[in-house]
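In the working numbering, the protein residues as written are 1 to 80.
This is the structure we're talking about:
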C-alpha cells in the first residue's frame with residue numbers, strides 16, 4: 001500500500017507542477033473539464049490505493065443504463 005501511495009503522490013505532484021502555468025491560462029470551460037477529470041481520477045486512485053471495493057465507473061454506468069440496455073435488447077430480439 002505504501003508503494004502505491006508513493007507512486008500516486010509523486011504522479012500528482014509531477015502533474016500539478018507541469019500543468020500549473022497552463023491552468024492559469026486556460027478558459028473557464030477548460031478549467032472545469034480539467035477539474036472534473038482530476039476529481040474522477042482521485043476517486044479511482046482512492047479505490048486503487050485503499051482497495052475498498054467501491055463501485056468503479058463501469059459499475060455506475062451499468063446501473064444507470066441497465067433498463068435502457070434491456071429495452072434495446074428486447075426491441076432487437078422482437079425484430080430479428
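No residue lacks a Cβ here, since even glycine has one placed at the ideal position from N, Cα and C.
Along the alpha helix (DSSP H) that carries residue 26, what are the first and last residues, could you check?
Along the chain shown, read from residue 1 onward, the residue named residue 26 stands at position 26. No alpha helix (DSSP H) contains residue 26, which DSSP labels as neither H nor E.
Could you round the C-beta distance between residue 85 and residue 4 to whole angstroms and report it? I think they count as a contact, below 8 Å.
Residue 85 lies beyond the residue range present for the chain, which begins at 1 and ends at 80; the question has no answer from this structure.
From residue 72 to residue 1, what does the alpha carbon distance come to, in whole angstroms?
Your numbering for residue 72 matches position 72 in the chain shown. Your numbering for residue 1 matches position 1 in the chain shown. Spanning the two alpha carbons is a distance of roughly 42 Å.
Does the Cβ-Cβ distance between residue 8 and residue 45 come in under 7 Å?
Here residue 8 refers to the residue found at position 8 of the chain shown. Here residue 45 refers to the residue found at position 45 of the chain shown. Closer than 7 Å, so yes.
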